[in-house]
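Written below as structure tokens is the structure these notes are about.
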Amino acid sequence: MVKGDVTELLLAYRQGDREAFDRLVPMVYDDLRRIARRQLGRGNPDGVLDTTSLVHESYLKLVDGGRVDWQDRAHFLGVAARAMRQVVIAYARRRGAAKRGGGSRQTTLDEGHHIAIDSQAEWLLALDAALERLGGNNPRLARVVECRFFAGLSEEETATALGVSLRTAQRDWMRARAWLQEELRS
Amino acid sequence: MDPTDERWQRADEILDAALDLPLGERSTFLDRSSGGDAELRALVERLLAGAETDASAFTPGGALRGPLWDDLAGDEDALSGATLGRYRILREVGRGGMAVVYLAERADGQFRQQVAVKVLKRGLDTDEVVRRFDQERQILALARHPGLARLLDGGVEPGGRPYFVMEYVEGRPIDQHCDDERLAVPDRLRLFLQVARAVEAAHRNLVVHRDIKPSNILITADGHAKLLDFGIAKLLDPGAAQLTRTVARLMTPAYASPEQVRGEPVTTASDVYQLGLLLYLLLAGRFPYSVGGGAGAAARAIAADEPTRPSTAATGPAERGVPPGQEPRPAEAVARARATSPKRLRRALSGDLDTIVLTALRKEPERRYGSVAQLIDDVERHLAGRPVSARPDTLVYRTGKLVRRHAAAAVTAAGALALVVALTVGYTLELARQRDRARLAALRSTQVSDFLRGLFEVAAPTRSLGEQITARQLLDRGAARIDGELAGQPEIQADLMTLMGDVYRELALYDEAQALSGRAVALRRRFPGEDGLELAAALHHFARALADRAEHAAARRLYEEALALRERALGPDHADVARTLGGLGRVLAAQGEFPAALRHQERALAVLEASLGPRHSEVGLALKDLGALLAEGLDSPDARPRLERAVEILTASHGPDHPHVAEARVHLGKALSSFGHHDAARLQYESALPVLERSYGSAHPVLANVLHTLGNLLIVPGLERKDPDGAIAYFRRALAIREAALGPLNPEVGDTLDGLGRAFRLKGDRESSRTYLERSLALTEAALGPEHVDLATTLFHLASVYQETGLPQQALRLYERALRIREKVYGPEHESFTLPLYNMARIERGLGNPAACEAHLRRILGLHAGAENEHGLAMIYIDLGRCLTDQGRLEEAEKHVSRFTAEGIEPETRRRAREAMAEIEKAR
Numbered sequence: 000m001v002k003g004d005v006t007e008l009l010l011a012y013r014q015g016d017r018e019a020f021d022r023l024v025p026m027v028y029d030d031l032r033r034i035a036r037r038q039l040g041r042g043n044p045d046g047v048l049d050t051t052s053l054v055h056e057s058y059l060k061l062v063d064g065g066r067v068d069w070q071d072r073a074h075f076l077g078v079a080a081r082a083m084r085q086v087v088i089a090y091a092r093r094r095g096a097a098k099r100g101g102g103s104r105q106t107t108l109d110e111g112h113h114i115a116i117d118s119q120a121e122w123l124l125a126l127d128a129a130l131e132r133l134g135g136n137n138p139r140l141a142r143v144v145e146c147r148f149f150a151g152l153s154e155e156e157t158a159t160a161l162g163v164s165l166r167t168a169q170r171d172w173m174r175a176r177a178w179l180q181e182e183l184r185s
Numbered sequence: 000m001d002p003t004d005e006r007w008q009r010a011d012e013i014l015d016a017a018l019d020l021p022l023g024e025r026s027t028f029l030d031r032s033s034g035g036d037a038e039l040r041a042l043v044e045r046l047l048a049g050a051e052t053d054a055s056a057f058t059p060g061g062a063l064r065g066p067l068w069d070d071l072a073g074d075e076d077a078l079s080g081a082t083l084g085r086y087r088i089l090r091e092v093g094r095g096g097m098a099v100v101y102l103a104e105r106a107d108g109q110f111r112q113q114v115a116v117k118v119l120k121r122g123l124d125t126d127e128v129v130r131r132f133d134q135e136r137q138i139l140a141l142a143r144h145p146g147l148a149r150l151l152d153g154g155v156e157p158g159g160r161p162y163f164v165m166e167y168v169e170g171r172p173i174d175q176h177c178d179d180e181r182l183a184v185p186d187r188l189r190l191f192l193q194v195a196r197a198v199e200a201a202h203r204n205l206v207v208h209r210d211i212k213p214s215n216i217l218i219t220a221d222g223h224a225k226l227l228d229f230g231i232a233k234l235l236d237p238g239a240a241q242l243t244r245t246v247a248r249l250m251t252p253a254y255a256s257p258e259q260v261r262g263e264p265v266t267t268a269s270d271v272y273q274l275g276l277l278l279y280l281l282l283a284g285r286f287p288y289s290v291g292g293g294a295g296a297a298a299r300a301i302a303a304d305e306p307t308r309p310s311t312a313a314t315g316p317a318e319r320g321v322p323p324g325q326e327p328r329p330a331e332a333v334a335r336a337r338a339t340s341p342k343r344l345r346r347a348l349s350g351d352l353d354t355i356v357l358t359a360l361r362k363e364p365e366r367r368y369g370s371v372a373q374l375i376d377d378v379e380r381h382l383a384g385r386p387v388s389a390r391p392d393t394l395v396y397r398t399g400k401l402v403r404r405h406a407a408a409a410v411t412a413a414g415a416l417a418l419v420v421a422l423t424v425g426y427t428l429e430l431a432r433q434r435d436r437a438r439l440a441a442l443r444s445t446q447v448s449d450f451l452r453g454l455f456e457v458a459a460p461t462r463s464l465g466e467q468i469t470a471r472q473l474l475d476r477g478a479a480r481i482d483g484e485l486a487g488q489p490e491i492q493a494d495l496m497t498l499m500g501d502v503y504r505e506l507a508l509y510d511e512a513q514a515l516s517g518r519a520v521a522l523r524r525r526f527p528g529e530d531g532l533e534l535a536a537a538l539h540h541f542a543r544a545l546a547d548r549a550e551h552a553a554a555r556r557l558y559e560e561a562l563a564l565r566e567r568a569l570g571p572d573h574a575d576v577a578r579t580l581g582g583l584g585r586v587l588a589a590q591g592e593f594p595a596a597l598r599h600q601e602r603a604l605a606v607l608e609a610s611l612g613p614r615h616s617e618v619g620l621a622l623k624d625l626g627a628l629l630a631e632g633l634d635s636p637d638a639r640p641r642l643e644r645a646v647e648i649l650t651a652s653h654g655p656d657h658p659h660v661a662e663a664r665v666h667l668g669k670a671l672s673s674f675g676h677h678d679a680a681r682l683q684y685e686s687a688l689p690v691l692e693r694s695y696g697s698a699h700p701v702l703a704n705v706l707h708t709l710g711n712l713l714i715v716p717g718l719e720r721k722d723p724d725g726a727i728a729y730f731r732r733a734l735a736i737r738e739a740a741l742g743p744l745n746p747e748v749g750d751t752l753d754g755l756g757r758a759f760r761l762k763g764d765r766e767s768s769r770t771y772l773e774r775s776l777a778l779t780e781a782a783l784g785p786e787h788v789d790l791a792t793t794l795f796h797l798a799s800v801y802q803e804t805g806l807p808q809q810a811l812r813l814y815e816r817a818l819r820i821r822e823k824v825y826g827p828e829h830e831s832f833t834l835p836l837y838n839m840a841r842i843e844r845g846l847g848n849p850a851a852c853e854a855h856l857r858r859i860l861g862l863h864a865g866a867e868n869e870h871g872l873a874m875i876y877i878d879l880g881r882c883l884t885d886q887g888r889l890e891e892a893e894k895h896v897s898r899f900t901a902e903g904i905e906p907e908t909r910r911r912a913r914e915a916m917a918e919i920e921k922a923r
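For the record, the sequence lines run as chains A and B.
Its first residue numbered 0, the first sequence is counted upward by one per residue in numbering that gives the first Met the number 0.
Its first residue numbered 0, the second sequence is counted upward by one per residue in numbering that gives the first Met the number 0.
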């Protein structure tokens with residue numbers, strides 16, 4: 000992948016170009032998926048994914064380090080966080096399909112709906128939906144969750160990625176957790 | 000709870016402020032700020048509690064712990080060690096453009112058999128490709144011959160990708176074998192005949208291989224030749240409607256036949272050419288042309304350069320005719336590998352062998368051997384010392400056209416078209432006759448072309464032109480006239496051919512479009528125009544024509560060439576560069592190269608927006624392509640905003656009834672429903688339907704696909720208001736089309752029958768449901784075989800109907816069958832077993848077999864061992880408790896059930912747990 004495109008988009012995003020963010024996400028998404036698969040293939044019996052290293056590896060691969068500074072890097076991590084969320088959710092959705100048996104034929108008879116098969120996948124989907132609702136009203140809270148939960152960024156990295164103070168990032172994380180637990184309980 | 004709720008905002012403000020306060024002061028603060036609203040206060044309290052707990056569910060990076068990723072990892076890298084059906088994957092042994100190949104062995108210990116498992120790459124597993132892959136597999140299974148690697152099995156792996164299992168062939172590539180063993184010419188000929196006979200067998204089964212090259216031909220330890228890799232083999236069944244497209248893999252350009260390079264239809268004659276090439280290599284140790292220097296140069300050489308005679312080449316200098324991927328070898332070495340000397344080798348090859356090889360290598364397919372059988376015959380004659388039939392100038396009968404074109408779209412713009420054609424051809428010929436250089440130049444200018452094209456796009460009412468001729472005839476006439484009357488004006492010819500090629504495209508006459516566009520390119524190579532831009536345009540149009548015919552590899556090369564020319568001459572920000580980028584992006588997407596496709600299309604979009612403005616219809620089209628890539632290739636939620644914008648822009652520029660809008664809506668619908676937004680998806684499909692019907696006609700399978708999808712969307716699980724009657728109506732229409740267009744034994748017909756079965760069941764009409772499901776079952780089994788996952792799905796549906804209509808034994812049998820199929824496909828443990836097992840458990844309990852019930856339920860629990868949240872399996876545990884109660888094992892039962900009677904359990908679950916506890920008490 001030519002580093003140029005991603006780096007340029009990143010720089011543009013940093014300058015405030017929102018569209019650059021939208022264009023970056025799918026590129027990073029694809030890269031993350033592949034790194035994740037590779038990480039899992041390497042004799043990884045517990046299937047534990049080191050999301051932090053994953054996101055950083057993607058950074059090294061996609062961004063031309065010579066042209067960006069540490070703040071750009073943090074911004075990239077923010078993009079990666081969004082992409083990571085998509086990767087996770089895409090996975091969770093596929094588990095749902097697996098439950099129904101795979102293949103190209105659909106099942107619309109779903110009496111088993113009360114049996115939560117892959118509870119983790121279902122929980123993630125519920126989380127994603129809740130996050131979307133949360134983000135509708137307060138986008139920054141959703142971004143914080145993406146950064147901290149889906150990509151495992153630190154408080155400092157999150158703050159820089161979102162361009163807010165450390166205190167704000169910490170506070171946002173607390174509030175976001177509060178709201179999500181409330182949403183997921185009902 | 001709606002976050003836009005005022006209460007939400009208020010609560011959030013209070014929460015935010017409260018978090019700043021020391022613990023002691025919070026309570027009073029809450030009292031004050033909630034202003035007596037008890038609910039609000041309680042909410043904020045809960046939020047505060049939530050904010051402060053270090054809930055493990057929300058550990059940073061917590062999304063990805065646990066055995067979650069097995070499924071994601073059901074891909075290239077992690078298949079090693081996995082079980083696919085009967086086989087256990089050992090390791091990856093090869094990787095191509097479209098698929099990955101693994102070495103595997105039988106997992107059931109029955110035989111010590113090693114096999115090759117070829118899995119389609121991730122990203123290429125769309126429904127359409129999968130179905131196609133499957134059909135190919137079925138047909139390839141028929142072409143049995145000792146020289147063809149045998150197809151053994153096939154299926155779908157857990158990630159949904161199709162795979163097939165082939166005999167694992169160990170051996171050396173044929174050219175290497177011959178050289179290592181120093182085989183003399185006659186022995187090489189005999190080995191060649193083995194290969195040729197295998198190809199002949201494939202042809203008898205209507206399969207063209209298209210990629211016969213030394214690395215695809217292995218010689219086993221016992222000296223037998225095996226032809227591998229039907230990866231891009233093409234089916235030639237004239238009966239089957241070629242309505243879905245084959246995804247072509249990257250071919251090795253050097254071994255491509257001239258017609259492949261020119262993008263013309265591929266027939267069995269291509270295989271004859273490639274066999275000729277193989278023979279050339281085996282005999283002369285050289286390649287007939289120089290094919291170094293990149294794909295473009297290779298293509299030109301193949302299409303235009305006359306091959307050197309084998310006898311001459313074999314004894315020629317080392318640097319001439321170096322086979323791809325090899326080092327130059329002097330004539331002595333070549334002869335030595337054939338157990339002879341250069342002089343004797345030349346003598347052996349000259350005469351008949353030269354003629355045979357050159358005949359097979361002719362540029363025009365119809366001038367080669369008419370069939371592989373004829374080639375075999377001549378080689379055998381030579382070996383037997385008899386005269387061969389090939390003559391240096393023999394004309395052989397041409398093979399028929401074996402690729403179907405799409406039905407010509409209704410020519411509603413016939414009048415405008417006729418006008419355009421008449422104008423174009425007449426005007427041009429007139430000018431040419433006048434030999435007016437200035438006006439000739441004017442004609443060639445893009446303004447004129449645009450004007451003429453614009454005429455076509457306007458939907459003008461039909462005008463009579465004196466006689467009743469169809470646009471098609473006009474075009475054909477025009478094409479002939481171009482040839483005849485403009486023979487001395489190659490540049491004008493080229494322009495007109497490009498223009499008319501486009502027009503043919505619009506009429507869906509893809510063969511003609513391709514032929515004309517190809518010829519335009521050939522002409523333009525000689526007259527590339529200023530900065531090569533005219534050539535670039537011709538290349539672009541030709542590439543488009545090829546892409547329409549799914550000749551992706553060739554299209555890609557041409558787009559790349561055009562792109563290089565355009566970028567160099569126009570700079571990176573020109574709209575034409577963007578157009579070629581877009582075309583290239585589409586082809587890359589079709590080849591499954593999604594990251595590259597994404598980059599290209601993003602760039603194309605950016606340039607088009609900048610140069611044409613953000614509301615231009617071409618921007619809309621670019622958004623549509625990009626959205627489709629994101630949705631179907633990358634499964635990304637970013638597809639939705641792109642496609643929504645595409646719909647908006649295209650509607651604004653073309654009106655809501657334009658096919659482009661409909662296509663965008665179909666993509667958007669798919670994107671929406673794959674993310675669970677079924678209602679929104681439905682609206683999109685419903686809008687697209689009437690437009691598609693108008694463009695494709697009411698009998699086209701594309702329409703059936705949309706109808707079928709709509710049927711499903713009306714009864715999707717989780718919908719608040721399902722509409723089985725509406726679904727039935729849609730399914731019925733889809734069924735009629737599919738039966739007529741695809742034949743009554745097509746799996747898609749089975750799919751729609753299954754849909755009808757489901758819809759009737761939801762309506763409560765179990766009789767009809769049964770009838771349809773039984774029909775679907777029979778058909779699906781006939782079409783897909785007894786071990787297909789789709790069959791398992793339908794079995795499951797029918798079983799649940801039986802279960803409801805008081806036929807428990809039959810239901811059990813069908814569930815068992817479904818289960819066995821899934822076991823075969825997915826291995827001994829897979830979550831798709833859960834629902835059949837659960838229903839079987841319920842049936843067994845109803846029949847008074849609690850032990851069997853228990854066994855099934857325990858198996859389900861075993862499938863999900865290690866699941867983090869056991870509450871998801873609550874129902875299973877509770878039912879297990881019931882089974883144990885039935886068997887009098889009350890202690891055990893209580894252990895499982897009592898957990899779910901506690902506080903904090905979801906109310907419905909608790910209720911059922913309490914009921915189960917009551918039964919336990921009663922039994923005591």
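For every residue, glycine included, the Cβ atom is placed at its ideal position computed from N, Cα and C.
Review point. Helix, strand or coil: which one does DSSP assign to B/Q259?
Key: helix
Exercise for review: Please confirm if A/W178 has its CB atom under 8 Å from at least one CB of chain B.
Suggested key: yes
Practice item. Please state if the CB of B/L620 and the CB of B/Q599 are separated by a distance shorter than 8 Å. Key: According to the sequence shown, residue 599 of chain B is His rather than Gln. Not a contact, by the Cβ cut-off of 8 Å.
Practice item. Output yes if chain A places a C-beta closer than 8 Å to the C-beta of B/P785; else output no. Key: no
Check your understanding: Comparing alpha-carbon positions, which option in B/E318, B/P323 and B/Q259 lies nearest B/A303?
Key -> B/Q259
Exercise for review: Residues of the region 13-40 of chain A with a CB closer than 8 Å to any CB of chain B: list them in chain order, please.
Suggested key: D21, R22, V24, P25, M26, Y28, D29, D30, R32, A35, R36, R37, L39 and G40
Review point. Any beta-carbon of chain B closer than 8 Å to the one on A/M0?
Key: Its pLDDT being 39, under 50, A/M0 is placed unreliably in this model, and the value from its coordinates should be taken loosely. Cβ-Cβ to chain B under 8 Å: yes for A/M0.
Practice item. Take B/L495 as the anchor and find which of B/S652, B/L508 and B/R518 has the nearest alpha-carbon. Key: B/R518
**Study point:** Chain-ordered chain A contacts of B/S697 [CB-CB under 8 Å]
**Key:** Per Cβ cutoff of 8 Å: no residues; B/S697 is ~24 Å from chain A at best.
Point to revise | 7 Å CB neighbourhood of B/Q467 in its chain, flanking five on each side removed | key: A caution first: B/Q467 carries a pLDDT of 33, below 50, which makes its placement in the model unreliable, though a value can still be read off. Same-chain partners within the cutoff: there are none.
**Study point:** CB contact check: B/P161 to chain A, cutoff 8 Å
**Key:** no
Check your understanding: Mind pulling the chain A residues with CB within less than 7 Å of B/L633?
Key -> P25, Y28 and D29
Check your understanding: Does the ligand ATP have even one heavy atom less than 7 Å from the beta-carbon of B/R737?
Key -> For the ligand ATP, the structure offers nothing, since it holds no ligand at all.
Exercise for review: For B/L18, return the contacting residues in chain A, with the cut-off set at a CB-CB distance below 8 Å.
Suggested key: R170, M173 and R174
Exercise for review: Just confirm the distance between the C-beta atoms of B/L102 and B/P172, as a whole number of angstroms; I'd bet it's less than 8 Å.
Suggested key: Going by Cβ atoms, the distance from B/L102 to B/P172 rounds to 18 Å, so no, they are not a contact pair.
Exercise for review: Quick one: residues in its chain with C-beta nearer than 8 Å to the C-beta of B/R149, no 5 flanking neighbours on either side, listed in chain order?
Suggested key: R143, M165 and E166
Practice item. Give me whichever residues DSSP pairs with B/I355 in a beta bridge. Key: Note: B/I355 sits in no beta bridge, so no partner.
Check your understanding: So, does the CB of A/T66 fall closer than 8 Å to a CB anywhere in chain B?
Key -> For clarity, residue 66 of chain A is Arg in the given sequence; the question names Thr instead. No - not a single Cβ of chain B is within 8 Å of the one on A/R66.
Exercise for review: Enumerate, from N- to C-terminal direction, the unbroken beta strand (DSSP E) stretches of 3 or more residues contained entirely within the region 853-902 of chain B.
Suggested key: none
Exercise for review: Kindly list, in the order they appear in chain A, the residues whose Cβ is closer than 8 Å to that of B/R760.
Suggested key: L108
Practice item. Under the assumption that A/Y28 contacts A/H74 (Cβ atoms under 8 Å), give the Cβ distance between them as a whole number of angstroms. Key: With 8 Å as the limit, A/Y28 and A/H74 do not qualify as a contact, their Cβ atoms being about 16 Å apart.
Check your understanding: Does B/R909 come within less than 8 Å of chain A when only Cβ atoms are used?
Key -> no
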